[in-house]
Amino acid sequence: MEINKKYHSNSRKLILSTVLLSLIVILPIVALIISTVNIDTSNFKYLWNNLLFDYSFDTIYLVSITSFFSLLFGVLPAWYISTNNFKGKNIYDILLYLPLAIPVYIMAFTYSDILSYTGPMQSFARDYFPGLAGFLNQDYIQIEVLGVIMALALYPYIYTACRLSFSLVGANYIDLSRSLGLSRTKTFYKIVIPLSRVSIFSGLFLVIMEVLNEYGAVKYFGVNTFTSGIFRSWYSMQDVETASLLAVFLFFTVVLFFSLERFFNSRYNFNYKPNTKKFKSEDPSFSKKLVIHLMCLIPIVLGFIIPILFIIGNVVYEFDRIDFEKVLDLTSNTFIVSLIASSIIIFIAVYFQFLKRIIKNKILTVFNEAISLTYALPGAVIGLSLIIMFTSFPLKSEFLIGSFIVLIYAYVMRYMAVGISPLKSSFEKHPSSYDDTAVNLGMGPLKLFKSIHLPINKSAIAIAFLITFVDIIKELPITLILRPFNFDTLAVQTYEYAIEEMIPKSSIYSLTIVMMGIILLIFLKKIVNKEIDVSRD
Amino acid sequence: MKKLMYLFIALFLTSCMPNKKNSNEINIYSQRHYNVDEIQYENFEKLTGIKVNVTKANADELIQRMKNEGNNSPADLFITVDVGKLWQGGEMGLFQKFEDESIFANIDPQLLDKNGYWVPVTYRSRVIVYSNERVEKNELSTYEDLSNDKWKGRLLVRSSSNAYNQALMSSLVENLGSEETTKWSESVVANFARNPKGNDRDQVKAIAAGQGDIAIVNSYYIGLLLSSEKEEEINAGKSVSVFFPNQGEGERGAHINVSGIALTKNSPNKENAIKLIKYLNTVKAQETYVNNSYEYSVNPNVKPDEIVQAWGEFKKDPVDLNSLGTNRNEAIRIFDKTGWK
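Going line by line, the protein sequences match chains L and P. When the count follows our numbering, it moves up by one through the first sequence with no breaks and lands on 541 for the last residue. When the count follows our numbering, it moves up by one through the second sequence with no breaks and lands on 536 for the last residue.
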């Protein structure tokens, strides 16, 4: 309240600036919505009557499987690593992040190749264990398998969120709960999970959005999600308006669920005091150790070791035919666009979070949420919305399409949510007394940001930057549709080979993506660990 | 920190500069992203000094981009692997007709566009492959026969969202009519060994794995499997044989689809664009295509790759290729109606 008064003179301008910024981010969606007014709805009705029920069923089923396994792979290891002492803990902690460096479609193509009849698993069995070969010869291109594969690529979103959150819950609550006689397991379910609810959900939100807008892997597995409906009307029925209408429909469905969640969760919006005391890490018993190792190793081995070995194997195999100049060229392309786009995202996201802190204003909160929601749209639809926007009346400027400005604009729009997610929890968790004190000391907003919020949120800002960066490295559909002439990224090149069923050729490019991702994620890991340590001091 | 900021801004601004206009170039929107295309463009650049700029993406996305860009589109040429999309672009008024008839000189007339909007560069057939172990060649005859009960639980094919399947269904609509085709599709779906999924190679692998006995695939995928460097893939390729359907007397021939080029309505570098099209249909460039991608040449005098020659010659369905576009919507509805996922 105090702060509100203090900054009142400035707050209007500041709010206006955020509204403008949000509008820039959201404007393409508005253009998309406008383009669907007055459309011929016959194809929409057709889809509605014939396909959307099946599509919705597949969507819900796939989202459920992926969510379940992402939570399993993300939450439990995070809990064990946060609260137990065991050998290999630090290595596990790093390895558990790394699947994030592997794009979902690469994970899917890789696994379908590994599992296929001509792949290493079945050939090996045929050569050495003929008895087993018959049993292994199954049709692995199934929705359930896809769900698990997607979870393997996506669970690190949840793992990251949980690791941070569990360490912030603080030992006090846990000790209290234990001394009240609750077991470790009960403490976990009754205290830690509810307290970490918001972060777990923010991780899960990213996972679900990724599942909703995945197209390549989903199509390959013969699964029809809602997004398949969008592309059915665009690519097959050649009706781009209906595709837009479906995208808008998907967008509002997500908005609705998102708002409902916010509404119900707002009751739990407690301002808990963060960590004041270090966890007393437990030395687990032998049988518990076994469970811990198993729970950590499953996602590591399946999500990282196996795919990476497979990719490296292909690279070695193709080594003589690799055009290293091209690899270098594409790496620098990828690096530059990702760097620019993620910097812009972080700048905007930090600005919003900071203002939200110092000015308690409804408009600000609404726009703050709104700019995250663009994540609900498939990349290709974001590309489409920008094309529509820059070729329609008030903003008509075709020469921009196919320029880097629009490409980066699209990245910013698409990945804003990824940048906001870690910042939000960090900016929210510090007690508001910090601000009050600062204001009483006569600090202006800029000073307040520089001397308080920037330092205390430094790690979160770095985390947000790195995660966004890694995501943009992997980006595919937007780059395909909006890129300038002769401009390729690593992801595009990987995809072009993979879709032509030339997985070995694509491997050097996917390996480069993964290596870039790994380097960044190891940085990320360092920062997260520092954060965890700092907050304990 | 500040220096870093400036660096960013400088980087951003330089990267945002629109490409300078250069008269000695061509801009292509292409769906083809095979290595062989890069080789062709490089050879063309060496020969003429004209720089080839390419943006590769899905055909429908490129069409949408051209449509929205309208008269200001930088694209000179549009290249795709499905005649349906070529027809659609022409229908939407995105292309111009070719004035210079010499472009068509070396091309099999059956493959040409009756409206004159596009030029084919290669073609491929959608064939049946069958297990050497479990199927006798004489059990196979026509596409129509795939609806026969004897294939129950034995037929493999990819999903109906695939353009090659859509083109095949469109050709059936053209030849048999909607009603007949719907009945056919119903029975074919009943014969599926599993739900449609995977790509064409996966169907062949599934035959090798014993999950089905026959599959509908594009001819060149067999070539790619047989020329793979992985022994297991070659084995999978060898476990099947290629069958061209509808070859009997009085039958129409196997379904084909073309890869083709169209000249955009306001092509800014029209002369260069025409040069490239002519180049791609020279014997040399056609040989480059067939030897790298196992497709068929549109020039009747250019022989396919040896692997492909081994399958023998075949009769092509003479249907007007544009009908693979005009019947597309009907084809999609038949897929949906009959539960072909």
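Idealized CB from N, CA, C, for every residue including glycine.
Cβ atoms of residue j and residue i: under 9 Å apart, would you say?
| i | j | result |
| --- | --- | --- |
| Val79 of chain L | Met154 of chain L | no |
| Asn248 of chain P | Ile221 of chain P | yes |
| Ile451 of chain P | Val314 of chain P | no |
| Gly520 of chain P | Glu264 of chain P | no |
| Ser200 of chain L | Phe170 of chain L | yes |
| Ala431 of chain P | Gln406 of chain P | no |
| Leu151 of chain L | Thr70 of chain L | In the sequence on display, residue 151 of chain L carries Gly and not Leu. Taking 9 Å as the Cβ cut-off, Gly151 of chain L and Thr70 of chain L qualify as a contacting pair. |
| Ile147 of chain L | Tyr65 of chain L | yes |
| Tyr159 of chain L | Val222 of chain L | no |
| Val474 of chain L | Leu399 of chain L | no |
| Leu341 of chain P | Ile411 of chain P | yes |
| Leu388 of chain L | Glu294 of chain P | no |
| Ile527 of chain P | Thr376 of chain P | no |
| Pro311 of chain L | Asn89 of chain L | no |
Going by DSSP, what residues sit across from residue i in a beta bridge?
| i | result |
| --- | --- |
| Glu220 of chain P | P:Lys246 |
| Glu286 of chain L | L:Asn88 |
| Lys251 of chain P | P:Ser225 |
| Ala466 of chain L | For Ala466 of chain L, which the question treats as bridged, DSSP gives no partner whatsoever. |
| Tyr163 of chain L | BP columns for Tyr163 of chain L are empty, so no partner. |
| Trp313 of chain P | P:Ala457 |
| Phe273 of chain P | P:Tyr224 and P:Ala457 |
| Arg319 of chain P | P:Asn452 |
| Leu351 of chain P | P:Ala410 |
| Lys511 of chain P | P:Ala449 |
| Tyr325 of chain P | P:Ile409 and P:Ser436 |
| Ser492 of chain P | P:Thr317 |
Buried or exposed: where does residue i fall if 16 or more other Cβ atoms within 10 Å of its Cβ makes it buried?
| i | result |
| --- | --- |
| Val532 of chain L | buried |
| Ile223 of chain P | buried |
| Arg236 of chain P | Sequence check: residue 236 of chain P is Tyr here, not Arg. Classification of Tyr236 of chain P: buried, given that the 10 Å Cβ count is 16 or more. |
| Leu313 of chain L | exposed |
| Asp512 of chain P | buried |
| Gln504 of chain P | exposed |
| Val41 of chain L | exposed |
| Arg260 of chain P | buried |
| Tyr193 of chain L | exposed |
| Glu369 of chain P | buried |
| Pro32 of chain L | buried |
| Phe57 of chain L | exposed |
| Glu504 of chain L | buried |
| Asn266 of chain P | exposed |
| Leu242 of chain P | exposed |
Going along the chain, which residues of its own chain have a beta-carbon closer than 7 Å to the beta-carbon of residue i, five neighbours each way excluded?
| i | result |
| --- | --- |
| Ala374 of chain L | Ser26 and Ile30 |
| Asn524 of chain P | none |
| Ala464 of chain L | Pro426, Leu427 and Ser430 |
| Leu368 of chain L | Ile19, Thr22, Leu359 and Lys360 |
| Asn217 of chain L | Thr231, Leu381, Pro382 and Gly383 |
| Arg16 of chain L | none |
| Ser354 of chain P | Pro391, Lys392 and Lys536 |
Within its chain, find whatever has a CB closer than 6 Å to the CB of residue i; leave out the 5 residues flanking it on each side and keep chain order.
| i | result |
| --- | --- |
| Asn476 of chain P | Asn301 |
| Phe394 of chain L | Ser401, Leu404 and Ile405 |
| Leu458 of chain L | none |
| Gln291 of chain P | Leu458 and Lys460 |
| Gly207 of chain L | Tyr161, Ile162 and Ala165 |
| Lys216 of chain P | For Lys216 of chain P, the predicted model reports a pLDDT of 49, less than 50, meaning its position is unreliable; a value from the coordinates is still stated below. No residues qualify anywhere along the chain. |
| Asp531 of chain P | none |
To which residues of the same chain is residue i closer than 8 Å at the C-beta, ignoring the five residues directly before and after it?
| i | result |
| --- | --- |
| Arg418 of chain L | Thr378, Tyr379, Leu381, Gly383, Ile386, Glu479 and Ile482 |
| Lys246 of chain P | Asn217, Asn219, Glu220, Ile221 and Glu240 |
Against residue i, what residues of chain B qualify as contacts under a CB-to-CB distance less than 7 Å, listed in chain order?
| i | result |
| --- | --- |
| Pro269 of chain P | The question asks about chain B, but that chain is absent: this structure's protein chains are L and P. |
| request: For the region 346-363 of chain P, enumerate the residues whose C-beta is nearer than 7 Å to any C-beta of chain L, in chain order. | output: Those residues of the region 346-363 of chain P that come within reach of chain L (Cβ to Cβ, closer than 7 Å) are Ser354, Ser356 and Gln361.
| request: Select from the region 389-416 of chain P all residues with a C-beta closer than 8 Å to any C-beta belonging to chain L, and list them in chain order. | output: Within the region 389-416 of chain P, the residues whose Cβ lies closer than 8 Å to some Cβ of chain L are Arg389, Asn390, Pro391, Lys392, Gly393, Asn394, Asp395, Arg396, Asp397, Lys400, Ala401, Ala403, Ala404, Gly405, Gln406 and Tyr416, listed in chain order.
| Under 8 Å (Cβ pairs) to chain L, residues found in the region 495-528 of chain P | Cβ contacts with chain L come from Arg523, Asn524, Ile527 and Arg528.
| field | Near-chain P residues of the region 310-330 of chain L - C-beta to any C-beta below 8 Å | value | Of all residues in the region 310-330 of chain L, the ones placed with a Cβ closer than 8 Å to any Cβ belonging to chain P are Tyr321, in chain order.
| What residues in the region 210-232 of chain L have a beta carbon less than 9 Å from any beta carbon of chain P? | Within the region 210-232 of chain L, the residues whose Cβ lies closer than 9 Å to some Cβ of chain P are Lys223, Tyr224, Phe225, Gly226, Val227, Asn228 and Ser232, listed in chain order.
| Listed in chain order, which residues of the region 490-502 of chain L have Cβ atoms closer than 7 Å to some Cβ of chain P? | Flagged, chain order: Asn490 and Glu500.
| query | What are the residues of the region 106-130 of chain L that lie near chain P, defined by any Cβ-Cβ distance shorter than 7 Å? | reply | When C-beta distances to chain P are compared with 7 Å, the residues of the region 106-130 of chain L below that value are Ser120, Tyr121, Thr122 and Ser127, in chain order.
| Residues within the region 234-264 of chain L neighbouring chain P, beta-carbon criterion of under 8 Å | The region 234-264 of chain L vs chain P, Cβ under 8 Å: Phe235, Arg236, Trp238, Tyr239, Ser240, Met241, Gln242 and Val244.
| field | Short-range partners of chain P found in the region 129-150 of chain L, where Cβ spacing is below 8 Å | value | Contact residues of the region 129-150 of chain L toward chain P are Asn141, Asp143 and Ile145 (C-beta to C-beta distance below 8 Å).
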